[in-house]
Amino acid sequence: MKSIRVRLLTWLIGPILLLNLAGASLIYLLAWGPVHQAFDRGLQDAAAALAARVGVDGTLDLPARAQRALIDGSGSGAGIDSGATWFAVRDRQGRLLAGDAGLNLRFGDGATLLDTRLHGVPVRVAGELTEAGGTVAVARGSAARSPPAATVRVLLLLEALFTFVLAGLIWFAVTRGLLPLDRLRADLDARDWTDTAPVAARAVPVELAPVVAAFDNLLARLQAGTRAQHEFLANVAHQLRTPLAGVKLQLEWLSARHRDDLDTVKSVRLMLLSNERMIRQTNQLLALARAEPSRFEKTRLEPLDLAAQVAESIQHFVDRALAKKIDLGFELAPVTIAGDAFLLRDLIDNLVDNALRYTPDGGAVTVRCLAEPGQGSEPGAALLEVEDSGPGIAAAERERVFSRFVRLAEHTSGSGLGLAIVRDIALAHAAQVTMAAARGGPGALFQVRFPLIGVGATQ
């Protein structure tokens, strides 16, 4: 489908070009008539003046110098000017008294105008009767009746210039007229995927108001559908937590009761592992629903010490790190950010859990929290880093790991939601999460930069 710009330009410039062409043709035709009339009048005046010079006795009273001036283009042979002038004066018997013998035409009573050829040149001839009954004929090449070629070229150039200027003005006007569409497109392109706020209808022309209103209605329906979906997800996850916890208690009791039955203990252990996986995935779904940026309320943010949040969360992973003989270290410097304690705990837990999950036995995981100084006009940031010595992730796959339900290693357990939750929580806190290769060799380095509020003393 053609663009609005092309359609407008086609319907505006096309007819204007046709109108200009028709106008130029009409002007040329209107100018042609007066030129021809002036040309014929000049010939008739010249013939009348010559006839007045012929006496009653048939003699011509015209000096030789005047005759030479009158026949400025006449002659014979090649090279005759197509705009030259010839004349012929004859007596009653048709004998030539003066002029060009080739100009031998019979006229009736009074002056006559006709077209013929003389010396191979198209001419226009005016005739006049003398008092002695003779004739006077004056001929001029027909090319002299046409406007000069230079004049025609100038007129055509002016017409082309006016047409070009007019087309440029139309192009400029159409471009200016479509600027609101460009601004609306730029405004929508600049929006984050979580921004479903209505478009400012007052900032668009009247013609775009219905389109903007329909788009706002679509955004409202989309927002309502997304809200209902996340509320359903949160409700389901919340309702599952209690029965799953009860199943876990019953399985632990059953395992303790039948510890001597090896088959029963093995089956119960497998059921406990499955139950633990279901509990984790349920908690992940609940965290994902809480972290959704489009539903997050900025009023929940409060000043928090990021280092204290990390120190509190990392304690839950010490036993797990010891079981895999992983060196779990941390370097913490107090930095204050605006955050939500529950969501920050989910973010830290998912980053550390991901690092421990993919780090082989005997590896190392380091958690850092520090203030990153600003560069130039850019402000500083509170930086959270989680670095592991695992296999790392290829550069081409690093963006995919933040998508939901993506697991690059199929042999590992997990739902593929952990890093997606990290991304959503970072967006809700106006933070930026990135991934790079570990500094000390193979492995992954996750960095989360939060807007900095304050910096405490290094412990």
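Going by the numbering used here, the final residue of the sequence shown carries number 439, and the count climbs one at a time with no gaps.
The beta-carbon is built from N, C-alpha and C at its ideal position, and this holds for glycine as well.
- In the three-state reduction of the DSSP assignment, Glu358 falls in the coil class.
- Judged by their CB atoms, Val101 and Leu83 are not nearer to each other than the 9 Å cut-off.
- Membership of Ile306 in any alpha helix (DSSP H) is not indicated, and neither H nor E is assigned to it by DSSP.
- Distance from the Cα of Asp71 is smallest, within the candidate group Ser247, Thr115, Phe297 and Gln412, for Thr115.
- With a cut-off of 8 Å on Cβ pairs, the stretch 317 to 325 is not in contact with the stretch 368 to 377, counting fewer than three such pairs.
- At least 9 Å separates the beta-carbon of Ala344 from that of Arg429.
- One thing to note: Glu365 has its Cβ within 9 Å of the Cβ of Gln427.
- Counting C-beta pairs closer than 8 Å gives three or more between the stretch -2 to 11 and the stretch 136 to 145, which meets the contact rule.
- The criterion of a C-beta distance shorter than 9 Å is not satisfied by Ile(-16) and Ala147.
- Under DSSP, the beta-bridge partners assigned to Gln412 are Arg429.
- For the 9 Å CB-CB criterion, Ala29 and Gly79 do not form a contact.
- Closest by C-alpha distance to Ala375, out of Arg33, Gln24, Val402 and Gly423, is Gly423.
- Taking 8 Å as the upper bound for CB-CB distance, Leu253 and Lys228 are not in contact here, some 11 Å apart.
- DSSP places Gly226 in the helix class (H, G or I) of the three-state scheme.
- Annotation for Arg239: Val245 place their beta carbon closer than 8 Å to its own, counting only its chain and skipping 5 residues before and after.
- Assignment of Gly121 by DSSP, reduced to helix, strand and coil, places it in the strand class.
- Runs of the beta strand (DSSP E) lying entirely within the stretch 74 to 113 and spanning at least 3 residues, in chain order: 76 to 79, 92 to 98 and 101 to 109.
- Assignment of Leu363 by DSSP, reduced to helix, strand and coil, places it in the strand class.
- Counting only residues of its own chain and dropping the five nearest sequence neighbours on each side, Leu327 has a CB closer than 6 Å to the CB of Val402 and Ile405.
- Bounds of the alpha helix (DSSP H) holding Arg165 are Leu159 to Asp169.
- The C-beta distance from Arg419 to Glu367 rounds to 7 Å, short enough to meet the 8 Å contact threshold.
- Residue environment: His16 is assigned as exposed (fewer than 16 neighbouring CB atoms within 10 Å of its CB, all protein chains considered).
- Spatial neighbours of Phe19 in its own chain (CB-CB distance under 8 Å, excluding positions within 5 residues in sequence) are listed in chain order as Arg104, Arg120, Ala124 and Arg125.
- If you look at Leu350, you'll find it in the beta strand (DSSP E) that goes Ala344 to Glu352.
- The beta carbons of Pro185 and Leu199 sit no closer together than 9 Å.
- Counting only residues of its own chain and dropping the five nearest sequence neighbours on each side, Leu224 has a CB closer than 8 Å to the CB of Asn255, Met258, Ile259 and Thr262.
- If you ignore the 5 residues before and after Asp285, its C-beta comes within less than 8 Å of the C-beta of Pro314, Val315, Thr316 and Gly436, all in its own chain and listed in chain order.
- Sorting Leu231, Pro160 and Ala291 by C-alpha distance to the C-alpha of Arg348 places Ala291 at the top.
- Around the CB of Trp66, 16 or more other CB atoms lie within 10 Å, so the residue is classed as buried.
- From the listed residues Ala408, Val413 and His409, the smallest Cα separation to Leu399 is found for Val413.
- For Asp285, the uninterrupted beta strand (DSSP E) segment begins and ends at Glu282 to Asp285.
- DSSP places Ile328 inside the alpha helix (DSSP H), whose first and last residues are Ala321 to Tyr338.
- Taking all protein chains in view, the Cβ of Ile294 is crowded by 16 or more other Cβ atoms within 10 Å, so the residue is classified as buried.
- Closest by C-alpha distance to Arg21, out of Gly(-6), Glu379, Ala194 and Glu108, is Glu108.
- Approximately 16 Å separates the beta-carbon atoms of Ala287 and Leu308; this is outside 8 Å, ruling out the contact.
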